[in-house]
Amino acid sequence: MDLLYFALLCSVLIFVHELGHFVCAKIFGVKVLTFSIGFGPRVLRLRGRETEYCIALLPLGGFVKMLEENRQEAVLPEDRKRTFESQALWKRVIIVMAGPAMNVLFPVLLYFAVFIGETRFVPPTVGVVLPGHPAEGRLFPGDRILEVDGERVGTFAELHRIVAKSPNQELRLKVFRNKEHVEVTVVPEEKLVHKPLEIVDRVGEIGIKPSRPAAVVGVSRPDSPAFRAGLRTFDVVTEVRGRPVKTFVDLEQALEESRGATVPVTYLRPIPVRALGGLADLAVYESGVAALTPETGNGDLLARTGIEPADLYVAEVPEGSAEWDAELRPGDRITEVDGVEVTAWSTFVELLFTAPDRPHVITWQRSGQRKSGTIELRREDWIDEYGQHRPRFYLRASNWSPMVAEPYVDSPSAFKFALESAIDETYDVIRFIVVGIVRIMEGKVSISTLGGPITVYDVIGEEGAKGVSYFVWAMAVISINLGLINLLPIPVLDGGHLLFFTFEAVLRRPLPLRVREIASLVGLMVLIGLMGIAFKNDVERRWDVIQGQFKELVG
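For the sequence shown, my numbering begins at 43 and goes up steadily by one.
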């Protein structure tokens, strides 16, 4: 099957590339003698009015043969204006660029086919508002965002795209809240997103998430009504007075109606269990019922019951970690980092990773007592797949705050979503490949990252085995690679022809044929050298596999 996937990939991408040359040549009246896909013996040949269409046995290349004056074939007088050389310079540039351009633009269609197949979308409903971010005090859990600056949004993905493209720009949101339509203005804050190859994106964020926290409770005060009733941190509330509860908002609403009255609260308590002889940690849930009596008064849920979301409570601390050595333990509630109050686990993580390479003083609560300690994030130095040395930092402590997703919806503008997503993805891949080529030239990325046909064969085989969408996605990336590599100013590539045309535009005459022949020979040698390096890299990556297969053959 891998061979079939590889043959299909090569055939499609070569056809698309040569089709670009062919169509533009026809548009400008150039006589096309042969349109061939593949090399070697011809397995199919069709004769048109003036063009021969061929499919050859080996789908590793292709060509469009146009009528040229420099060829040995005689050119009839009536065809002299139909030769490639007789065309205006700008027409020849377009004909040559059309092949790589098709390879670069074809992925828009491929990505579109993938995105248009998506049928389940997260609705643009606010589940969580992160403290300290622009949405705080402006948007609230349960808000349904209908429009942004007059543009209708039907999914959270559409909302995210608009916000991401609008850092530091005021946005007007039309929101459905409590059965009413309200308008809200918010200015997304700018966030730097660091990607491989030293690419930095500036994106907008307002600090909302689409899912809501589950009804997992945190209980920090031993003197609180919740603790006295028997509730403990990480208990999952399932019912209040027989009323089903799924999210923490559901829990708040149910207890809001029970001021001063004792209500039965049904919960599930996770009990850690060592399984498989200690190789795995599992949790078994025990059910229970607590008789909770919320205090009277006008305070919030925490003040009246001692219950709050479990988001800031530590669920796991590996023994031997810096957090464990600082005496942080499961059940502790994080309150501060370096003297800055923490109101959400995401804020806790942000503060630590703002300066990941220095010690941080964290403060927490345990059984109503304040404690503190100093931790350093665990650092690992590694070399990524592009040969760049990178530090990677880890926070070993973790929380447990499961989320409840909103029911999926259909996108009211599926075509628009698919097209915009396809264009964005194509742009991102183009930028990534261009930056990668520049980084290799700068020496910041090792040339060992280059891959050849063996790597392409492996990748397309693996992706094809996963499914059609994975195969199409990989084809899109490889198509863009093919198009951009063809634009490199190396004679024998399309970019080499464009280089010749540049000299022709400057000198007002074509370069001498002998100069072009020598340049093409040099370009061919450079191309063979690059292919040799890529092949060497392919062999080195698969050396263990090759050795194993060789041993099987001889032994």
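Glycine included, every Cβ here is placed at the ideal spot set by N, Cα and C.
Source: prediction; values computed, not measured.
Looking only at C-alpha atoms, which of Ser78, Arg89, Ala140, Phe105 sits nearest to phenylalanine 70?
Indexing the sequence shown from 1 puts residue 70 at position 28. Minimum Cα distance to phenylalanine 70 is reached at Ala140.
Near histidine 59, which residues of its chain fall below 8 Å by C-beta distance, leaving aside the five closest residues on each side in sequence?
To locate residue 59, count along the sequence shown from 1; it is residue 17. The answer, listed in chain order, is Gly104, Gly141, Pro142, Met144, Asn145, Leu524, Gly525, Asn528.
Check the C-beta distance from glutamate 225 over to lysine 237 and give it rounded, since I have them as a contact under 8 Å.
Along the sequence shown, read from residue 1 onward, the residue named residue 225 stands at position 183. Along the sequence shown, read from residue 1 onward, the residue named residue 237 stands at position 195. The pair is not a contact, with the Cβ atoms about 35 Å apart (cut-off 8 Å).
Euclidean distance between Cα positions of alanine 518 and histidine 539
To locate residue 518, count along the sequence shown from 1; it is residue 476. To locate residue 539, count along the sequence shown from 1; it is residue 497. C-alpha separation (whole angstroms): 25 Å.
Sequence-distant residues of its chain with Cβ nearer than 6 Å to glycine 272 (five each side left out):
Within the sequence shown, the letter at position 230 stands for residue 272. If the five residues before and after glycine 272 are omitted, its C-beta is found closer than 6 Å to the C-beta atoms of Ala332, all from its own chain and listed in chain order.
Does DSSP classify valine 138 as helix, strand or coil?
If you number the sequence shown from 1, residue 138 lands on position 96. Note: valine 138 maps to helix in three-state DSSP.
Use the C-beta contact count for asparagine 579: other C-beta atoms within 10 angstroms, 16 or more gives buried, fewer gives exposed.
As a first step, residue 579 must be located in the sequence shown, where it is residue number 537. Per the 10 Å Cβ criterion, buried.
Residues near glycine 246 by beta carbon distance below 8 Å, same chain, minus five either side
The residue labelled residue 246 in the question sits at position 204 within the sequence shown. Excluding positions up to five away in sequence, the list reads Val205, Ala206, Lys207, Ser208, Pro209, Asn210, Gln211, Pro230, Glu231, Glu232, Lys233.
Assigned secondary structure, arginine 263 (DSSP; H/G/I helix, E/B strand, else coil)
Counting from 1 along the sequence shown, the entry for residue 263 is found at position 221. Looking at arginine 263 - three-state DSSP - the assignment turns out to be coil, as it is neither helix nor strand.
In terms of DSSP beta bridges, what is glycine 104 paired with?
On the sequence shown, position 62 is the one that residue 104 refers to. In the DSSP output, where bridge partners are listed per residue, glycine 104 has Ile79.
Mind pulling the alpha helix (DSSP H) runs of 4 or more residues that sit fully within the region 493 to 531?
495 to 508, 510 to 528
Whole-angstrom C-beta distance between alanine 98 and serine 128, which should lie under 8 Å:
Position 86 of the sequence shown holds residue 128. Position 56 of the sequence shown holds residue 98. Contact doesn't hold; Cβ gap of about 29 Å is too wide.
Sufficient close CB pairs (3 or more, under 8 Å) joining the region 404 to 422 to the region 440 to 451:
No, they do not touch.
For lysine 288, the three-state DSSP class (helix, strand or coil):
Position 246 of the sequence shown holds residue 288. Reduced to three states, the DSSP call for lysine 288 is coil.
Would you call arginine 481 buried or exposed, if buried means 16 or more other Cβ atoms sit within 10 Å of its Cβ?
Against the sequence shown, residue 481 aligns to sequence position 439. When all chains shown are included, arginine 481 counts as buried.
Given this structure, state the Cα-to-Cα distance separating tyrosine 153 from aspartate 470, to the nearest angstrom.
Within the sequence shown, the letter at position 111 stands for residue 153. Within the sequence shown, the letter at position 428 stands for residue 470. Tyrosine 153 and aspartate 470: Cα-Cα distance of roughly 12 Å.
Does tyrosine 355 come out as helix, strand or coil in the three-state DSSP assignment?
Residue mapping note: residue 355 aligns to position 313 of the sequence shown, counting from 1. In the three-state reduction of the DSSP assignment, tyrosine 355 falls in the strand class.
Please classify phenylalanine 457 as buried or exposed, where buried requires at least 16 other C-beta atoms within 10 Å of its C-beta.
Counted from its first residue, the sequence shown places residue 457 at position 415. Result: exposed.
Please list the segments of the beta strand (DSSP E) lying wholly inside the region 301 to 349, counting only runs of 3 or more residues, in order along the chain.
305 to 317, 322 to 334
Mark tyrosine 309 as exposed unless 16 or more other C-beta atoms lie within 10 angstroms of its C-beta, in which case mark it buried.
Stepping through the sequence shown from its first residue, residue 309 is reached at position 267. The residue in question, tyrosine 309, is buried, as its Cβ has 16 or more Cβ neighbours within 10 Å.
Would you report the Cα separation of arginine 244 and arginine 203, rounded to the nearest angstrom?
By 1-based counting over the sequence shown, the position of residue 244 is 202. By 1-based counting over the sequence shown, the position of residue 203 is 161. Arginine 244 and arginine 203: Cα-Cα distance of roughly 13 Å.
Would you call the region 497 to 512 and the region 269 to 288 in contact, with 3 or more CB pairs under 8 Å?
Output reads no: the region 269 to 288 does not touch the region 497 to 512.
Since aspartate 353 contacts proline 255 with CB under 8 Å, what's their CB separation in whole angstroms?
For this step, residue 353 is matched to residue 311 along the sequence shown. For this step, residue 255 is matched to residue 213 along the sequence shown. About 7 Å separates the two Cβ atoms, so the contact holds.
According to DSSP, simplified to helix, strand and coil, what is histidine 175?
Against the sequence shown, residue 175 aligns to sequence position 133. Reduced to three states, the DSSP call for histidine 175 is coil.
Inter-residue spacing [alpha-carbon to alpha-carbon] between leucine 61 and isoleucine 137
As a working mapping, residue 61 is identified with position 19 in the sequence shown. As a working mapping, residue 137 is identified with position 95 in the sequence shown. Rounded to the nearest angstrom, the two C-alpha atoms are 10 Å apart.
Leaving aside the five residues before and after serine 53 along the sequence, list all residues of the same chain whose C-beta is less than 8 Å from its C-beta, in chain order.
Within the sequence shown, the letter at position 11 stands for residue 53. If we look at serine 53 and ignore the five residues flanking it on each side, its Cβ neighbours are Ile79, Gly80, Pro101.
Are the CB atoms of proline 336 and alanine 325 within a distance shorter than 8 Å?
For the purposes of this step, residue 325 is identified with residue 283 of the sequence shown, where counting begins at 1. For the purposes of this step, residue 336 is identified with residue 294 of the sequence shown, where counting begins at 1. No, Cβ-Cβ distance for alanine 325 and proline 336 is not below 8 Å.
My output table needs one value for glutamate 60: the three-state DSSP class, helix, strand or coil.
Here residue 60 refers to the residue found at position 18 of the sequence shown. It is helical.
Comparing C-alpha positions only, which one of Pro173, Glu484, Pro119 sits nearest to valine 382?
The residue you call residue 382 lines up with position 340 of the sequence shown. Nearest of Pro173, Glu484, Pro119 to valine 382, Cα basis: Pro173.
Alanine 332 Cβ short of 7 Å to the ligand GDP heavy atom set
No copy of the ligand GDP occurs in the structure displayed, which carries no ligand at all.
Can the beta-carbon of threonine 275 be found less than 8 Å from the beta-carbon of glycine 373?
In the sequence shown, the residue the question calls residue 275 occupies position 233. In the sequence shown, the residue the question calls residue 373 occupies position 331. Their beta carbons are under 8 Å apart, which means threonine 275 touches glycine 373 by this criterion.
Three-state secondary structure (DSSP) at phenylalanine 126?
Stepping through the sequence shown from its first residue, residue 126 is reached at position 84. In the structure shown, phenylalanine 126 sits in coil (DSSP, three-state: anything other than H, G, I, E or B).
Cβ pair count under 8 Å reaching 3, the region 449 to 466 against the region 183 to 203
yes
So the beta strand (DSSP E) isoleucine 158 belongs to, where does it begin and stop?
Position 116 of the sequence shown, counting from 1, holds the residue named residue 158. Segment: none, isoleucine 158 is in no beta strand (DSSP E) and carries neither H nor E.
Going by DSSP, name the residue or residues bridged to phenylalanine 435.
Counted from its first residue, the sequence shown places residue 435 at position 393. Its beta-bridge partners are Arg421.
Tell me, which residues are paired with tryptophan 406 by DSSP?
Within the sequence shown, numbered from 1, the residue matching residue 406 stands at position 364. BP columns for tryptophan 406 point to Ile376, Lys413.
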